[in-house]
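To keep things clear, I will list the structure first and then write my remarks on it.
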Amino acid sequence: MPHAPNEGRAPRPEALTQDTTKKRGSAAAVFAAFLKLGLTSFGGPIAHLGYFREEFVVRRKWITDQAYADLVALCQFTPGPASSKVGIGIGLAQAGLPGAFAAWLAFTAPSALALILFGFGIIALGNRFDLGWLHGLIVVAVPVVAQAVWGMARNLTPDAPRVTLAALAAILVMIWPTPLGFVGAIVAGGVVGWLLLKASADKEEHVAIGANVSRTAAITALVLFFGLLVALPALRTAFPSSQTLALLDSFYRAGSLVFGGGNVVLPLLQAEVGPPGWVSNEAFFAGYGAAQAVPGPLFTFAAYLGTVSTVPPNGWIGALICLAGIFASSFLLVIGPLPFWDALRRFRPMRSALVGVNAAVVGLLLAFLYDPVWTNAIRSAADFGLALAGFVLLMFWKVPPWLVVLLTTAGGAAIKLVQSLM
10 MPHAPNEGRA
20 PRPEALTQDT
30 TKKRGSAAAV
40 FAAFLKLGLT
50 SFGGPIAHLG
60 YFREEFVVRR
70 KWITDQAYAD
80 LVALCQFTPG
90 PASSKVGIGI
100 GLAQAGLPGA
110 FAAWLAFTAP
120 SALALILFGF
130 GIIALGNRFD
140 LGWLHGLIVV
150 AVPVVAQAVW
160 GMARNLTPDA
170 PRVTLAALAA
180 ILVMIWPTPL
190 GFVGAIVAGG
200 VVGWLLLKAS
210 ADKEEHVAIG
220 ANVSRTAAIT
230 ALVLFFGLLV
240 ALPALRTAFP
250 SSQTLALLDS
260 FYRAGSLVFG
270 GGNVVLPLLQ
280 AEVGPPGWVS
290 NEAFFAGYGA
300 AQAVPGPLFT
310 FAAYLGTVST
320 VPPNGWIGAL
330 ICLAGIFASS
340 FLLVIGPLPF
350 WDALRRFRPM
360 RSALVGVNAA
370 VVGLLLAFLY
380 DPVWTNAIRS
390 AADFGLALAG
400 FVLLMFWKVP
410 PWLVVLLTTA
420 GGAAIKLVQS
430 LM
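Numbered per this note's numbering, the sequence shown spans residues 10 to 431.
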């Protein structure tokens with residue numbers, strides 16, 4: 010059978026759409042659709058992917074089910090916030106680069122704005138973390154991170170070799186609790202996976218996705234992705250007095266090296282903002298608790314950190330810098346791999362490396378659960394009881410995280426009131 014004339018070229022953008030004769034939409038339409046989701050999508054990245062499928066596969070028919078599944082696989086295979094990258098990919102397919110930006114902006118802005126305002130509230134309170142309700146926000150980090158560790162461990166470390174790798178990664182980052190230690194654990198996990206862990210072959214048929222991205226644009230995006238990982242630290246060293254470069258470097262690196270969802274970015278962020286004194290541990294975990302109560306991607310937590318940073322630029326400008334830094338790699342890692350994804354996902358050593366990376370990520374989050382989450386939040390038996398109640402509500406009663414945040418905040422206020430009366 011003769012080959013089709015376009016065989017071997019980057020797939021056409023219509024591969025992502027339900028009807029190949031349908032015209033592409035506008036960035037304004039993409040913005041309106043994603044704004045609704047940005048205002049209502051509670052529940053974390055897995056829930057976000059469910060909302061996206063219902064909205065864009067079932068209701069609007071912007072993308073086929075097969076192409077959507079393949080886009081999700083790509084966004085989970087590469088580092089960064091999976092649900093945000095899926096949204097960027099859908100926007101890219103529907104309205105090109107303006108659509109990609111519109112999808113990200115609409116999905117991200119509501120939660121980012123809410124967390125920026127919360128940050129200004131923390132500043133106005135004068136960082137009074139002795140307030141009962143505010144301490145409750147810090148305590149809620151324990152059950153939320155514990156739930157993430159539990160769920161990820163069941164899925165990503167189902168056998169003895171991967172459990173061992175996770176444990177070794179946890180020990181490594183507890184001994185070496187620095188950004189370099191976290192990156193080293195992830196890289197070591199990938200090397201061990203590449204050499205020792207065999208990934209099962211993916212035999213499912215899938216739809217190759219291109220979304221109007223040429224190979225030239227894709228290669229440019231990949232060069233930018235890796236180039237920024239090298240250039241930003243070099244510029245930060247060359248201009249040590251520039252806090253803007255320091256923020257961009259720290260948040261870009263955190264967003265570029267995270268596998269496994271929003272909760273996993275927390276250790277990297279805490280290691281970046283804690284030791285230099287930009288954000289105290291109390292302020293960090295209060296903001297993380299608040300981030301559980303808003304819709305949209307957890308990576309918008311970066312906006313809060315930029316707001317409350319003790320070193321200028323902070324406030325609104327700091328928030329925007331941190332948002333730009335942490336999400337920049339998401340665009341590059343959607344645009345870059347698209348034309349090459351079909352071949353990349355069939356490369357067995359790459360899948361094996363990802364198995365090891367995922368196991369290391371579980372260990373990284375486990376170490377983070379102990380220090381600094383537990384060590385900062387649990388100061389008394391009452392705190393432990395409050396955290397335990399939150400964990401049971403999340404894990405076994407399936408109470409939405411935002412409601413657990415409200416209940417834990419109220420519990421912290423009640424504990425403080427009882428203690429004041431005794």
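Beta carbons: idealized from backbone N, C-alpha and C, even for Gly.
Keep in mind that this is a model prediction, so the values were computed, not measured.
Range of the contiguous alpha helix (DSSP H) that encloses residue i
i, result
"F356", "Taken as a continuous stretch (DSSP letters only), F356 belongs to no alpha helix (DSSP H), as it is neither H nor E."
"F421", "Correcting the residue identity first, residue 421 is Gly in this sequence and not Phe. Residues 410-430."
"T173", "169-184"
"R163", "150-165"
"V273", "Taken as a continuous stretch (DSSP letters only), V273 belongs to no alpha helix (DSSP H), as it is neither H nor E."
"I387", "It is not in any alpha helix (DSSP H) - I387 carries neither H nor E in the DSSP assignment."
"Y379", "Note, Y379: premise wrong, no alpha helix (DSSP H); not H, not E."
"G296", "290-300"
"W203", "188-205"
C-beta atoms of residue i and residue j nearer than 9 Å
i, j, result
"V317", "G296", "yes"
"T166", "L332", "no"
"G100", "A111", "yes"
"V256", "G327", "In the sequence on display, residue 256 carries Leu and not Val. A contact, by the Cβ cut-off of 9 Å."
"G96", "S338", "no"
"A280", "T187", "yes"
"Q85", "V39", "no"
"V148", "A396", "yes"
"R262", "L277", "yes"
"F400", "A243", "no"
"L124", "A300", "yes"
"P306", "H57", "yes"
Residue i (DSSP reduced to helix, strand or coil)
i, result
"T225", "helix"
"A210", "The pLDDT assigned to A210 is 37, lower than 50, so where the model puts this residue is not dependable; a value taken from the coordinates is nonetheless given after this. It is coil, neither helix nor strand."
"V401", "helix"
"S92", "helix"
"K45", "helix"
"R62", "helix"
"L134", "coil"
"Y261", "helix"
"F268", "coil"
"P20", "Caution applies to P20, whose pLDDT of 43 falls short of 50 and renders its modelled position unreliable; the value that the coordinates give is listed next. Three-state DSSP puts P20 in coil, outside helix and strand."
"D74", "helix"
"P306", "coil"
"W406", "coil"
"T117", "helix"
"S339", "helix"
"Q85", "helix"
Residue i CB to nearest heavy atom of the ligand GTP below 8 Å
i, result
"A56", "Here there are no bound small molecules, and the ligand GTP is not part of this structure."
Where residue i falls, given that 16 or more other Cβ within 10 Å makes a residue buried
i, result
"G420", "buried"
"M161", "buried"
"Q428", "exposed"
"D392", "buried"
"W203", "buried"
"K45", "exposed"
"Y77", "buried"
"I344", "buried"
"P284", "exposed"
"M431", "exposed"
"I184", "exposed"
"F234", "buried"
- Message: Using a Cβ distance threshold of 8 Å, determine whether the stretch 226-246 contacts the stretch 260-269, with at least three qualifying pairs required.
- Response: At 8 Å Cβ cutoff, the stretches touch.
- Task: Mind the definition here: the stretch 61-74 touches the stretch 168-182 only if three or more C-beta pairs lie below 8 Å; say whether that holds.
- Result: Contact between the stretch 61-74 and the stretch 168-182 is not established, with fewer than three Cβ pairs separated by less than 8 Å.
- Item | Three CB pairs or more closer than 8 Å across the stretch 302-314 and the stretch 124-131 | Two segments are said to touch when three or more pairs of C-beta atoms, one from each, lie closer than 8 Å; by this definition the stretch 302-314 touches the stretch 124-131.
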